[in-house]
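K.L.:
Number of protein chains: 2
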Amino acid sequence: MEALHLLKDLNLKSTSCRKEVLMIMLAKGHALSHSEIEKDVNPSIDRVTVYRTLKTFLDKGLIHKVLDDAGVTKYALCQGCRTDDHHHEHVHFKCSNCGQTICLDEIDIPPITLPAGFTSAEKNLLIQGVCDTCSAL
Amino acid sequence: MEALHLLKDLNLKSTSCRKEVLMIMLAKGHALSHSEIEKDVNPSIDRVTVYRTLKTFLDKGLIHKVLDDAGVTKYALCQGCRTDDHHHEHVHFKCSNCGQTICLDEIDIPPITLPAGFTSAEKNLLIQGVCDTCSAL
DNA sequence: CTGTGTGCAAACACTTTGCAGGTGT
DNA sequence: ACACCTGCAAAGTGTTTGCACACAG
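Each protein sequence line maps, in turn, to chains A and B. According to the working numbering, the first sequence is numbered sequentially starting from 1. According to the working numbering, the second sequence is numbered sequentially starting from 1001.
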């Protein structure tokens, strides 16, 4: 099972909460908010534990925060990054119809020329529109 | 006074809260969160009124929400857009040192080729790094 | 067995809503 | 005068913290 592997790789004890959260994120494939995750985990798991689990995953570089149009905090699995080496030049796409946010890892953010004196460390591009699933309806 | 003009243009009654919020945003020149605004207005003005004022300004297209690295909602004055005609192809820059977020209106977001089936309606690019003021220190 | 993770309770921050009274035009 | 704003109170939601117990390694 992939979730177990990921936890072991990061030296994290494999607890039921961590396994469930991870499996949900692997299964869904798009960015999830805390409340969306909470809906899907076993109801015996505490809301607080989910928060702490997400924070742990963030610290370990297993997931990353996703920009949403201001308001909700969403999380998605990182692709190639670990605690030290993050490459978050992400393009995120949020569908205004179904509300899903997905990572478009294959798309690069074009280089931007900043005004003098500005240094770029991280770029996040959020595109909003209609996704392939919804436009097919 | 510029604030009074803006309010009159939008058929909004010029109340002390609206004038103050607008003047603060004009003076600061960068994106502000609700709490930052609240700190600067006359303490007799209620927190709730500031929320409602921001919502009113949003509806009228006077200000727009700014993406922050997930968490805080910030607002900034719109440049050329009104209720109907919004052009929000914004580039926002957040300084990781001083925390300020500014709009780089003069920079265009390069065209992005989306996968088949995806339609783009709005693009937001958030760049994080060090701003000109901080890099000069 | 030991330290980390969890559940519960509670506190705190952010935002929205209802209502009665005040204010701009 | 009348509609629109505001202040206050309260509730809803999102998030964090402290502490005692449980559990994985």
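Heads up, the beta-carbon is just placed ideally off N, CA and C, and yes, glycines get one too. Owing to the predicted nature of the structure, the values given are computational and were not obtained by experimental measurement.
I need the boundaries of the alpha helix (DSSP H) containing A/C17, first residue and last residue.
P.N.:
S16 to K28
K.L.:
Straight-line CA distance for A/M25 to A/I112?
P.N.:
Each residue's alpha carbon lies about 32 Å from the other.
K.L.:
What do you get for A/D68, buried or exposed, if any count of 16 or more other CB atoms within 10 angstroms of its CB means buried?
P.N.:
buried
K.L.:
So for B/S1044, helix, strand or coil by DSSP?
P.N.:
coil
K.L.:
Quick check: the Cα distance between B/R1047 and B/L1114, rounded to an integer number of angstroms?
P.N.:
42 Å
K.L.:
Using the beta-carbon count (16 or more within 10 Å), is B/N1011 buried or exposed?
P.N.:
Counting every other CB atom within 10 Å of its CB across the protein chains shown gives B/N1011 a total below 16, marking it as exposed.
K.L.:
Quick one: any contact between the segment 1089-1102 of chain B and the segment 1028-1042 of chain B, if contact means 3 or more CB pairs under 8 Å?
P.N.:
yes
K.L.:
Run down chain A in chain order and give the residues with a C-beta less than 9 Å from the C-beta of B/L1076.
P.N.:
Before going on, a small fix: residue 1076 of chain B reads as Ala here, not Leu. Chain A residues near B/A1076: none, gap ~11 Å exceeds 9 Å.
K.L.:
List, in order along the chain, the chain B residues whose C-beta lies closer than 9 Å to that of A/Q128?
P.N.:
S1120, A1121, E1122, K1123 and N1124
K.L.:
In terms of alpha-carbon separation, which member of B/Y1075, B/E1089 and B/T1119 lies closest to B/T1056?
P.N.:
When the alpha-carbon of B/T1056 is set against those of B/Y1075, B/E1089 and B/T1119, the nearest one is in B/Y1075.
K.L.:
Could you give the first and the last residue of the continuous alpha helix (DSSP H) run that contains A/K8?
P.N.:
E2 to D9
K.L.:
Compare the beta carbon distance of A/Q79 and B/S1120 with 9 Å and say whether it is the shorter of the two.
P.N.:
Against a cut-off of 9 Å, the Cβ pair of B/S1120 and A/Q79 comes out as no contact.
K.L.:
Within a Cβ cutoff of 6 Å, which residues of the same chain sit near B/S1016, ignoring the five residues on either side of it in sequence?
P.N.:
none
K.L.:
Would you mind working out which of B/C1134, B/Y1051, B/N1097 and B/L1022 sits nearest B/L1062, comparing C-alpha positions?
P.N.:
Answer by Cα proximity: B/L1022.
K.L.:
When the Cα of A/E20 is compared with those of A/D105, A/N124 and A/A3, which residue comes out closest?
P.N.:
A/A3
K.L.:
Listing by chain order, which chain A residues have their CB less than 7 Å from the CB of B/G1071?
P.N.:
T73
K.L.:
Ignore the nearest five residues each way along the sequence and tell me which others in A/V91's own chain have a CB closer than 7 Å to its CB.
P.N.:
The answer, listed in chain order, is L104, I107, I109, L125 and I127.
K.L.:
Using DSSP's beta-bridge definition, name the partner residues of A/E36.
P.N.:
Paired residues: none, contrary to the question.
K.L.:
CB-CB under 7 Å to B/T1049, same chain, minus the five flanking residues each way: which ones, in chain order?
P.N.:
C1017
K.L.:
At 9 Å on the CB atoms, spell out the chain A contacts of B/L1067, in chain order.
P.N.:
L67, D68, D69, A70, N124 and L126
K.L.:
When the cut-off is 9 Å and only beta carbons count, does B/L1026 lie next to chain A?
P.N.:
no
K.L.:
Where does A/L6 land, buried or exposed, given buried means 16+ other C-beta within 10 angstroms?
P.N.:
buried
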